[in-house]
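Count along the sequence shown from 1, add 1437, and you get the number used in this note's numbering. We treat Cβ as the ideally placed atom computed from N, Cα and C, and that holds for glycine.
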Amino acid sequence: MSHPNKSTLRSAPAYPESALPPFVQKLGRPIPLVQAQSLAFLMFEKPDLAATEAFLVDFGMHTVARDQGRLLMRGSGREACIYLAHQGERSRYLGAAFTVASEAELAIVEKLSGARRLAPQQIPGGGAGIELVDPAGKLLWLIAGQARAAPLPLRPPLHPFTNSPGMLRRVNATVRPPLEPATVARLGHVVMQTTDFAGMAEWYMRHLGLIPTDVQYLEDGSPNLCFFRLDLGGTPADHHSFVLAGGIEEKYEHSAYEVIDLDALGQGHNVLRANGHRHMWGIGRHVLGSQLFDYWYDPDGMEFEHYTDGDVFTAEHETHYVPLEMSGIWAWGDDVPPSMGVKRDLGTIFKIIRLLRSGRLSTARLKLLGRAMTRPRPWL
Ligand SMILES: [Fe+2]
């Protein structure tokens, strides 16, 4: 194999919105109804709650309850629940719950969008809430006034004691991270694929007050993927709490959970592997968001990400635009697995034919999507 030419070692350009090349289209931002304050929990349907619980415990979550066909899991933070599963026929993602600042904000959305009121006992931690259904049929819960839980133990981070040339911070002491599941501190983000990127982006920005942090565009300049953060004003928010990627189906891609440091990521990897769980991708570092990551499959093949050391931005940080290509997903680490690229199985072909026939996808856009998703790093 030939040695990579130095010119192939390139990073994608990133343009601030105020200095966009003329062919790149801005992602329009609607006037939001409210500003969501946090991603609270995700909702799933699962055929085997015991197997799901066993995976999530090895993944580093704590069981709150498993009874009456419902599984509630939490992290070590103060949220009463970060993962909720109902016993059901099949494994599927149902939707996400975000918090808003007050019941007054719930009332605004309820009035303007015809949302349904939730009974307090439906909501882990109680309080008030409303249920909306997004254009793809997934649930969006907005909730307020939940009881906070007492935090659970989380070891201190090890990186303040990292030794570097010229900077010795650990003398007469060793690094011995405990061999235990990577304690999940909190839920970080959820990523969805959609056939209607523009419509779904508009809908979620309007109902959650999301800010586009990084927008990725196709070769024709049209936005096709966006990392959204919460609008917390001057308080730093994660680079993304919600991600939408334009594609050929409505699909949960993955959800991500923050752990304390790189050693937790590595030791947690060992625990998951020792207990027979299926690894997907990692350890590596992302480009957009900068997180150190490690991806795992749950017992039904749904993707779950451990991460640490992600970027945070306040509301004034400018939106940036980056070309969409596979090579932009990771800065270093193992090659991106083929399952994240374009699939050529019969099911995929049928999905594409249906989209083309219904006019929801054009052949020109399909070609652009295919090119973006099959362009790995030049040296791979
Ligand atoms: Fe992620």
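Looking at the C-beta of GLY1562, does it have a partner C-beta in chain B at a distance below 7 Å? The structure shown has no chain B; it contains just one protein chain.
At a cut-off of 6 Å, would you count GLU1742 as near ligand 1, judging by its Cβ distance to the nearest heavy atom? yes
Give me the DSSP bridge partner(s) of GLU1568. ARG1553, TRP1578
Could you round the C-beta distance between PHE1665 and ILE1648 to whole angstroms and report it? I think they count as a contact, below 8 Å. 7 Å
Check whether the Cβ of ALA1693 lies closer than 6 Å to any heavy atom of ligand 1, and answer yes or no. yes
Which listed residue (LEU1579, LYS1483, GLY1683, ASP1571) has its alpha carbon closest to that of ALA1565: LEU1579
From the DSSP output, in three-state form, read off ARG1382 for me. With the chain covering only 1438 through 1817, there is no way to say anything about residue 1382.
Closer than 7 Å by C-beta to ASP1735: which residues in its own chain qualify, once you throw out the five before and the five after it? Chain order, please. Here the set comprises THR1489, PHE1492, PHE1741.
On the CB-based measure, 16 or more other CB atoms within 10 Å of its CB, does VAL1608 come out buried or exposed? exposed
From the DSSP output, read off the bridge partner residues of GLN1653. DSSP lists LEU1662, VAL1759 as the beta-bridge partner residues of GLN1653.
Which of the three DSSP states, helix, strand or coil, is assigned to GLY1562? coil
Would you mind sorting SER1439 into buried or exposed? The rule is 16 or more other CB atoms within 10 Å of its CB. The predicted model places SER1439 with a pLDDT of 49, which falls under 50 and marks its position as unreliable, so this point remains unresolved.
Distance, GLY1747 Cα to ASP1698 Cα: 11 Å
Residue of SER1764, PRO1572, ARG1511 minimising C-alpha distance to ARG1623: ARG1511
Considering only their Cβ atoms, is the gap separating ALA1533 from LEU1479 smaller than 7 Å? With contacts defined as CB atoms closer than 7 Å, LEU1479 and ALA1533 qualify as a contacting pair.
PRO1450 beta carbon less than 7 Å from that of HIS1757: no
Is the CB-CB distance between ALA1768 and VAL1724 below 7 Å? Yes, the Cβ-Cβ distance between ALA1768 and VAL1724 is below 7 Å.
Identified DSSP bridge partners for THR1604: Residue identity differs from the one stated: residue 1604 is Met in this sequence, not Thr. DSSP lists SER1601 as partners of MET1604.
List the whole-angstrom C-beta distance separating THR1650 from GLY1684, where the pair is believed to meet the contact cut-off of C-beta under 8 Å. Not confirmed; about 20 Å, so no contact.
By the three-class DSSP mapping on this structure, what secondary structure does ILE1468 have? coil
Leaving out five residues on either side along the sequence, give the residues of the same chain with a beta carbon under 6 Å from the beta carbon of GLY1582. Result list for GLY1582: GLY1564, ALA1565, in chain order.
Extent of the continuous beta strand (DSSP E) run through HIS1716: 1715 to 1723
Strand pairing of GLN1630, partner residues [DSSP]: ALA1682, LYS1688
What first and last residue would you give for the alpha helix (DSSP H) that runs through MET1810? 1800 to 1810
Three-state class that DSSP yields for LEU1702 in the structure shown: helix
Meets three-Cβ-pair contact criterion under 8 Å: the segment 1491 to 1508 and the segment 1523 to 1543: Result yes; three or more Cβ-Cβ pairs closer than 8 Å.
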